[in-house]
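Novice: Just dropping this structure here.
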Amino acid sequence: IILFFKYNFTKENVNPYRRDVCSVGKEPRYGFTDFVDACAKGNGLVLGGAMQTAERDFGFKTQDRVLSFIAEGGLEAPKHANTTELRTARDDVKPMVDSYDFFSGGDFGYIAFWKNDLSGKWIVKSFKKNDKQDPRNFAFREAFEKAVQGKKLKKRDE
9 IILFFKYNFT KENVNPYRRD VCSVGKEPRY GFTDFVDACA KGNGLVLGGA
59 MQTAERDFGF KTQDRVLSFI AEGGLEAPKH ANTTELRTAR DDVKPMVDSY
109 DFFSGGDFGY IAFWKNDLSG KWIVKSFKKN DKQDPRNFAF REAFEKAVQG
159 KKLKKRDE
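Residue numbers (our numbering): 9 to 166.
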């Protein structure tokens with residue numbers, strides 16, 4: 009049986025959204041600095057749900073404020089959290105979404121974004137306080153737990 013393919017899949021025209029081309033979860037799909045640079049140039053869009061949580065959690069009332077916050081280095085110590093398919097996409101080919109944990113002063117945040125290859129715009133899907141426990145609190149919690157445990161042992165020994 010001879011099969012004819014419409015496209016010759018070379019490195020130049022491989023669909024970048026295919027799971028076998030970009031690893032899901034382990035490595036970011038996009039360059040983080042490319043995203044920040046695009047926000048600095050105003051080449052970003054913040055979706056409605058992300059705007060609601062940006063206002064609720066960070067007090068940002070406009071899309072321009074969110075994009076300038078990103079562009080000015082407001083996402084301190086960003087750490088890649090995950091890369092996954094955009095679940096709400098209606099197409100058979102779903103864009104990949106990168107998510108990052110970040111700090112901003114005393115806040116621990118979460119951002120998820122993807123690049124629309126048709127329009128060239130970077131889309132902020134999620135921008136909110138992080139649901140995970142702030143890792144900066146681990147040392148305090150561990151010290152507190154040791155102190156409580158020490159008190160319990162001291163009372164038991166009396």
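Note that beta-carbon positions come from the ideal geometry of N, C-alpha and C, so glycine has one too.
Can you give me the Cβ contacts of Pro36 inside the same chain, cut-off strictly under 7 Å, excluding the 5 residues immediately before and after it?
Specialist: Residue 36 sits at position 28 when you count from the first residue of the sequence shown. His88, Thr91, Asp106.
Novice: Using 8 Å as the Cβ pair cut-off and three pairs as the minimum, do the stretch 98-105 and the stretch 56-76 touch?
Specialist: no
Novice: What first and last residue would you give for the alpha helix (DSSP H) that runs through Phe43?
Specialist: Residue mapping note: residue 43 aligns to position 35 of the sequence shown, counting from 1. Here the alpha helix (DSSP H) through Phe43 covers 40-48.
Novice: Hey, how far is the Cα of Lys49 from the Cα of Lys123?
Specialist: Taking the sequence shown and counting its residues from 1, one reaches residue 49 at position 41. Taking the sequence shown and counting its residues from 1, one reaches residue 123 at position 115. Distance between the alpha carbons of Lys49 and Lys123: 14 Å.
Novice: Between which residues of its own chain and Ile119 is the CB-CB distance below 6 Å, once the five residues before and five after are set aside?
Specialist: Looking up residue 119 in the sequence shown gives position 111. Only Tyr108, Phe135 meet the Cβ criterion.
Novice: For Asn138, does the three-state DSSP call read helix, strand or coil?
Specialist: As a first step, residue 138 is located in the sequence shown; it is residue number 130 there, counting from the start. Coil, per DSSP.
Novice: With DSSP as the reference, please indicate the residues paired to Glu80 in a beta bridge.
Specialist: Within the sequence shown, residue 80 is the residue found at index 72, counting from 1. According to DSSP, Glu80 bridges with nothing at all.
Novice: Rounded to whole angstroms, what's the CA-CA distance from Phe116 to Ser127? Just pull it up for me.
Specialist: Within the sequence shown, residue 116 is the residue found at index 108, counting from 1. Within the sequence shown, residue 127 is the residue found at index 119, counting from 1. Distance between Phe116 and Ser127, taken at the CA atoms: about 31 Å.
Novice: Between Val132 and Val54, how many whole angstroms is the CB-CB distance? I'm expecting something under 8 Å.
Specialist: In the sequence shown, counting from the first residue as 1, residue 132 sits at position 124. In the sequence shown, counting from the first residue as 1, residue 54 sits at position 46. With 8 Å as the limit, Val132 and Val54 qualify as a contact, their Cβ atoms being about 4 Å apart.
Novice: Could you please give me the residues that DSSP links to Ser107 through a beta bridge?
Specialist: Along the sequence shown, read from residue 1 onward, the residue named residue 107 stands at position 99. Partner(s): Asn90, Ala120.
Novice: Using the beta-carbon count (16 or more within 10 Å), is Phe152 buried or exposed?
Specialist: Walking along the sequence shown from the start, residue 152 turns up at place 144. Answer is exposed; the Cβ neighbour count stays below 16.
Novice: For the beta strand (DSSP E) holding Gly52, just list the boundary residues, first then last.
Specialist: Your numbering for residue 52 matches position 44 in the sequence shown. Taken as a continuous stretch (DSSP letters only), the beta strand (DSSP E) holding Gly52 covers 52-54.
Novice: Per the DSSP calculation, Asp115 is bridged to which residue(s)?
Specialist: As a first step, residue 115 must be located in the sequence shown, where it is residue number 107. According to DSSP, Asp115 bridges with Ser112.
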